[in-house]
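Student: In full-length UniProt numbering, the protein residues as written are 1 to 179. The beta carbon of each residue, even a glycine, is placed where N, CA and C say it ideally should be. It should be emphasised that the depicted structure is a prediction, and the values quoted were computed from it without experimental measurement. Have a look at this one.
This is the structure:
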């Protein structure tokens, strides 16, 4: 697959990446240079950073990760990750000590979201995961694995209005938090 040469080809590439997002770990971080090309200031200029990201993405896709379907009523694990530019999550099934990925989620942060503290970014990653994977959250107990005090932040009444609203939305699911 050749590198995109025009704005239209970059738009096609980002559309394809969006459709493959559930199969790409940390898709937001991997593909951020492509999306930055579409910003008004860039006007579709393909940079060396874009070329490097494109080459790495092609290499990653040739080693396709295997996704599995979860068994009914099984406890699933959700691993969260937050960076400066994106939040990611992976839903995992623990099958006899072997972690098998079920779904990858990635969300590129908006300008205002990049200024959130790290704990709020992790809470946002959890919120994005619940919205995209609602059927999994409704039919399974989800175990959020994190080394951050996410549970404490979401269940303190003195938190910001945004976190309070997210906490109410997350409250309808059976979510356990483990370090």
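Straight-line CA distance for residue 4 to residue 70?
Tutor: The alpha-carbon atoms of residue 4 and residue 70 are separated by roughly 37 angstroms.
Student: Can you list, in chain order, the stretches of the alpha helix (DSSP H) that have 4 or more residues and sit fully within the stretch 54-140?
Tutor: 118-132 and 134-139
Student: Tell me whether residue 258 is buried or exposed, calling it buried when 16 or more other Cβ atoms sit within 10 Å of its Cβ.
Tutor: The chain is shown only over 1 to 179; residue 258 falls outside these bounds and no answer can be derived.
Student: CA-CA distance, residue 102 and residue 96?
Tutor: 15 angstroms
Student: Under DSSP, the alpha helix (DSSP H) around residue 159 begins and ends at which residues?
Tutor: It is not in any alpha helix (DSSP H) - residue 159 carries neither H nor E in the DSSP assignment.
Student: Closest to residue 134 by C-alpha separation, out of 161, 32, 82 and 173, would be which residue?
Tutor: For the residues 161, 32, 82 and 173, the minimum Cα distance to residue 134 belongs to 173.
Student: If you follow the alpha helix (DSSP H) that residue 14 is in, where does it begin and where does it stop?
Tutor: 7-20
Student: Identify every residue that forms a DSSP beta bridge with residue 172.
Tutor: Residue 172 is not bridged to any residue.
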